[in-house]
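Protein chains in written order, with our numbering: chain P, 1 to 413; chain L, 1 to 413.
Protein chains: 2
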Amino acid sequence: MPLQPSRTIDELHELRELTGDENGAQRVAWTHTWERARKWLRGKLDGLGLEAEIDEAGNQWWTLRGRSDRAVLIGGHIDSVPNGGWLDGALNVVAGVEVLRRIAEEGEPATTVRLVNWADEEGARFGRSLFGSSAAAGSMADQDELRERKDANGVLLPDALRDHDVDLDRALDARRQLEGAAAYLELHIEQGPVLESMDLPLGVVLGTFGVERHGITWTGQAAHAGSTPMDKRRDALAGAAKLALELRGIAKRTGEGAVCTSGNVVCRPGIVTSVVETAEQLLDQRHLDAGKLASMLAEAKEASERFAREENVGVAWKRIWAIEPILFDDDLIELADGAVREVAGTSRRLPSGPLHDAAEVSRAGIPTVMLFVQSLRGLSHTKLEDTRTEHLELSVQALDRLATKTIERVAAD
Amino acid sequence: MPLQPSRTIDELHELRELTGDENGAQRVAWTHTWERARKWLRGKLDGLGLEAEIDEAGNQWWTLRGRSDRAVLIGGHIDSVPNGGWLDGALNVVAGVEVLRRIAEEGEPATTVRLVNWADEEGARFGRSLFGSSAAAGSMADQDELRERKDANGVLLPDALRDHDVDLDRALDARRQLEGAAAYLELHIEQGPVLESMDLPLGVVLGTFGVERHGITWTGQAAHAGSTPMDKRRDALAGAAKLALELRGIAKRTGEGAVCTSGNVVCRPGIVTSVVETAEQLLDQRHLDAGKLASMLAEAKEASERFAREENVGVAWKRIWAIEPILFDDDLIELADGAVREVAGTSRRLPSGPLHDAAEVSRAGIPTVMLFVQSLRGLSHTKLEDTRTEHLELSVQALDRLATKTIERVAAD
Numbered sequence: 001m002p003l004q005p006s007r008t009i010d011e012l013h014e015l016r017e018l019t020g021d022e023n024g025a026q027r028v029a030w031t032h033t034w035e036r037a038r039k040w041l042r043g044k045l046d047g048l049g050l051e052a053e054i055d056e057a058g059n060q061w062w063t064l065r066g067r068s069d070r071a072v073l074i075g076g077h078i079d080s081v082p083n084g085g086w087l088d089g090a091l092n093v094v095a096g097v098e099v100l101r102r103i104a105e106e107g108e109p110a111t112t113v114r115l116v117n118w119a120d121e122e123g124a125r126f127g128r129s130l131f132g133s134s135a136a137a138g139s140m141a142d143q144d145e146l147r148e149r150k151d152a153n154g155v156l157l158p159d160a161l162r163d164h165d166v167d168l169d170r171a172l173d174a175r176r177q178l179e180g181a182a183a184y185l186e187l188h189i190e191q192g193p194v195l196e197s198m199d200l201p202l203g204v205v206l207g208t209f210g211v212e213r214h215g216i217t218w219t220g221q222a223a224h225a226g227s228t229p230m231d232k233r234r235d236a237l238a239g240a241a242k243l244a245l246e247l248r249g250i251a252k253r254t255g256e257g258a259v260c261t262s263g264n265v266v267c268r269p270g271i272v273t274s275v276v277e278t279a280e281q282l283l284d285q286r287h288l289d290a291g292k293l294a295s296m297l298a299e300a301k302e303a304s305e306r307f308a309r310e311e312n313v314g315v316a317w318k319r320i321w322a323i324e325p326i327l328f329d330d331d332l333i334e335l336a337d338g339a340v341r342e343v344a345g346t347s348r349r350l351p352s353g354p355l356h357d358a359a360e361v362s363r364a365g366i367p368t369v370m371l372f373v374q375s376l377r378g379l380s381h382t383k384l385e386d387t388r389t390e391h392l393e394l395s396v397q398a399l400d401r402l403a404t405k406t407i408e409r410v411a412a413d
Numbered sequence: 001m002p003l004q005p006s007r008t009i010d011e012l013h014e015l016r017e018l019t020g021d022e023n024g025a026q027r028v029a030w031t032h033t034w035e036r037a038r039k040w041l042r043g044k045l046d047g048l049g050l051e052a053e054i055d056e057a058g059n060q061w062w063t064l065r066g067r068s069d070r071a072v073l074i075g076g077h078i079d080s081v082p083n084g085g086w087l088d089g090a091l092n093v094v095a096g097v098e099v100l101r102r103i104a105e106e107g108e109p110a111t112t113v114r115l116v117n118w119a120d121e122e123g124a125r126f127g128r129s130l131f132g133s134s135a136a137a138g139s140m141a142d143q144d145e146l147r148e149r150k151d152a153n154g155v156l157l158p159d160a161l162r163d164h165d166v167d168l169d170r171a172l173d174a175r176r177q178l179e180g181a182a183a184y185l186e187l188h189i190e191q192g193p194v195l196e197s198m199d200l201p202l203g204v205v206l207g208t209f210g211v212e213r214h215g216i217t218w219t220g221q222a223a224h225a226g227s228t229p230m231d232k233r234r235d236a237l238a239g240a241a242k243l244a245l246e247l248r249g250i251a252k253r254t255g256e257g258a259v260c261t262s263g264n265v266v267c268r269p270g271i272v273t274s275v276v277e278t279a280e281q282l283l284d285q286r287h288l289d290a291g292k293l294a295s296m297l298a299e300a301k302e303a304s305e306r307f308a309r310e311e312n313v314g315v316a317w318k319r320i321w322a323i324e325p326i327l328f329d330d331d332l333i334e335l336a337d338g339a340v341r342e343v344a345g346t347s348r349r350l351p352s353g354p355l356h357d358a359a360e361v362s363r364a365g366i367p368t369v370m371l372f373v374q375s376l377r378g379l380s381h382t383k384l385e386d387t388r389t390e391h392l393e394l395s396v397q398a399l400d401r402l403a404t405k406t407i408e409r410v411a412a413d
């Protein structure tokens, strides 16, 4: 049987029916609905003669043995955020199923081919994204911190994992899965507006942005809104407001591909009759170039200190999280470009703003590349997330072509 | 017995012990601690031969009959915010007790003299300040809305009032209390830094600022912080930040005595990985001049519409509350100036930024004036609120002199 991209669409609809509701996808990792999705996925691959296993971090693997032990991996994640979209994560694994079917039915491939459904890419329940892929990549350095992590109902992360037969203390044993991996391929919706604005169905991802994520606390003085003259105020909100606006200038001066976001400001006491005493501000900065990312951070820090002086308030920075930019494999980028051009005529290379499991695999030294398919209105993490059917079908074809080219390349090495 | 201002200080300490804790005063209206304070106050006036009553709005009254039925009123409020200061409100009533004692012990005064402890000036539990005084003034126009009002634990306002023998439906019957009132006097801490910055213990209040209080909703579009280019964003926080900063210019251009405050911004979804979709901003603007207040509001609205266009976001205004400026009585201001000069050498006239029960009484057409005593660091609504002992004693003396002068003036009319 040749590749049937329309079957991928049908199966995605089936998954949506099974694990979504009127508010969107509900496949949050470490929940019953997620297990239902995983079981459904297992059923789709039954009867193809694959070796199926679940590793110590909860990742699902299917292996088609080839003439060489060197393996080409195709990956994605079936978990979603609460009230999520039907494609983010699921497209990757369901398209991977179709590609694996096509390869399996043609007989023993030149290299081993494996499909992986990573556990908890989104981190929606415990705020720790890329769980399974970071365990497999050996980059999960925060196990001690994760032992204390609780969900919104106070359930500890290790207890929730145990309910799904995952022992946090053994999660790093998943590292053995990447031994012998020669390439990693991942398809994903873009989750941004770039391809749509260029009227292109598909793109090739150069890598994932480095991220600097900080909490900034501005400290002024609460004072009565009626009785405190303007020139006697120490208004914490003024510092946060100036920085929120300055960020746009910082991104602009850095040039194309730079993004800076202030996603929240929490004011205290936060009442109509008081000057703001403390403002807790969130900052997220991203760039594909490590040097430019460092410059953006330094500029924001300098600006914040200037604003603190101007407003006679205090400012303190705390790093929440950071990751360096991760550049995908040049050879695989070339192959992916070729695959996209063959199915869509035109290709476009672009960076990924969001992180993906592919970044963890790439950090582990496995040659990696991703394909992006256009997102309508750039929306994701909402039930409004969507992609045109013809673009979804093209994306399955492109992943298939890329898999073929990669197997040939690995086999020839 | 002559006036003993030091007794007022002792009694304020006693009240603090009885109704405060390590976090400050806890005399929130419609609570047990507030009732304890009211009972304590009643005890202080026992044995002076006064008529005591509680009106339909929960206000406590003590009446010393004079040769004329025309009454000079002295008022304050014993309720506080949670974790409040020891002086805001309580100073007024406890100093009033001392003045009433002095007058009562001198025999029948020329006019009737009454002390009132207004119920729920702060509105701390239900968010509705000036409860008792607005009922007595006949300006409580929001009874229907109050019937639905709940505290943080979901208790309905009418139910909480009933626990203190107040029937919301009858609260406006308290209006009869102001019949025959010829003057209203109120002493209060300044709650601002003006007198301290001029090194003056006492001031005379010209009136209370008019207030315009609005909720402003900025509406943009949630979008992924990593994948949404800067020029494709519709960031609601940008609108709120621009307005928060613009407010200072509006106040400055309006001139001395203008204050504008943005006390809160609530961002949604409020997460580090998303552009802010909605920002709910609070605005409070005050001025003693109605025309200037209206101009400040118009300027802020115009600016917000300009910012909404610049940022491609929506903006909607909703008035939360407003009150016109209230100017106190010219003759009483003169008398108060004289009283302050007699006890402190120098007087200073200044507006009040915060509202006070005196504003409600003045709105009801009763000639009204207030005295301010210096606040250290301008702090109030915190346990850090304080005033020097010698200034507190001067304030009791000034209130006493003002009461004497006012009784003489009313008797002579």
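Ideal Cβ placement from N, Cα and C applies to all residues, glycine included.
Being a predicted model, the structure only gives us computed values, none of them experimental.
Apart from sequence neighbours up to five positions away, the residues of its chain that approach V265(L) with a beta-carbon distance below 6 Å are A240, A279, Q281, ordered along the chain. Excluding the 5 residues flanking it on each side, E305(L) has same chain C-beta neighbours closer than 7 Å at V315, in chain order. For the C-beta of T228(L), the chain P residues within less than 8 Å are, from N- to C-terminus, G192, P193, V259, G353, G378. Inter-residue distance for I250(P) and G257(P) is about 12 Å (C-alpha atoms, whole angstroms). Contact note: A238(P) reaches chain L through A244, L245, using a C-beta cutoff of 7 Å and chain order. If you ignore the 5 residues before and after T387(P), its C-beta comes within less than 7 Å of the C-beta of L87, I189, V373, Q374, S375, L376, all in its own chain and listed in chain order. Annotation: Cβ neighbours of S262(P) in chain L (cutoff 7 Å, chain order): L237. Taking the CA atoms as reference points, R65(P) sits about 12 Å from L115(P).
A223(P) belongs to the set of residues whose beta carbon lies under 8 Å from a beta carbon in chain L. Rounded to the nearest angstrom, the gap between the Cα atoms of P325(P) and P367(P) is 15 Å. When secondary structure is reduced to three states using DSSP, A71(P) falls in the strand class.
Taking 8 Å as the cut-off, the beta carbon of W34(P) is found no closer than this to the beta carbon of L15(P). Of the residues E277(L), T111(L), S347(L), the one whose Cα lies closest to the Cα of V72(L) is T111(L).
Out of G263(L), A364(L), E277(L), the CA that lies nearest to the CA of I271(P) is found in G263(L).
One alpha carbon belongs to G58(L), the other to A171(L), and they sit about 8 Å apart. Within a 10 Å sphere around the beta-carbon of L384(L) sit fewer than 16 other beta-carbons, which makes this residue exposed. Taking 3 residues as the shortest admissible run, the segment 304–366 of chain P contains the following complete beta strand (DSSP E) segments, listed from N- to C-terminal end: 314–323, 349–352.
Taking the C-beta atoms as reference points, R125(P) is found no nearer than 8 Å to D163(P). Taking 7 Å as the cut-off between beta carbons, the residues of the segment 273–289 of chain L near chain P are T273, S274, V275, V276, L282, D284, R286, in sequence order. A Cβ-Cβ contact shorter than 8 Å links W118(P) with H77(P). Distance between F131(P) and R268(P), taken at the CA atoms: about 34 Å. From the beta-carbon of I271(P), the residues of chain L found nearer than 9 Å are G263, N264, L282. F209(P) reaches chain L at G226, counting residues in chain order whose Cβ is nearer than 7 Å. Contacts with chain L at 8 Å (Cβ-Cβ) do not include I326(P). A Cβ of chain P is located within less than 8 Å of the beta carbon of A251(L). In terms of Cβ geometry, E145(L) and A238(L) do not form a close pair [threshold 8 Å]. Spatial neighbours of P354(L) in its own chain (CB-CB distance under 7 Å, excluding positions within 5 residues in sequence) are listed in chain order as Q191.
Any Cβ of chain L closer than 8 Å to the Cβ of K150(P) would place that residue at the interface, and such an atom is absent. Between the beta-carbon of G210(P) and that of L293(P) there is about 4 Å, and that keeps the pair under the 8 Å contact cut.
In this structure the segment 215–224 of chain P does not touch the segment 389–408 of chain P; the number of beta carbon pairs closer than 8 Å is below three. By the rule that beta-carbons nearer than 8 Å mark a contact, K232(P) touches chain L.
Only exposed fits Q143(L), as fewer than 16 other CB atoms lie within 10 angstroms of its CB. The beta carbons of R349(P) and L206(P) sit about 5 Å from each other, so the pair counts as a contact at 8 Å.
Around the C-beta of S6(P), fewer than 16 other C-beta atoms lie within 10 Å, and the residue is accordingly described as exposed. Boundaries of the beta strand (DSSP E) harbouring I189(P): 181–189, taken from the DSSP string. CA-to-CA, the gap between E246(P) and A303(P) works out to about 8 Å.
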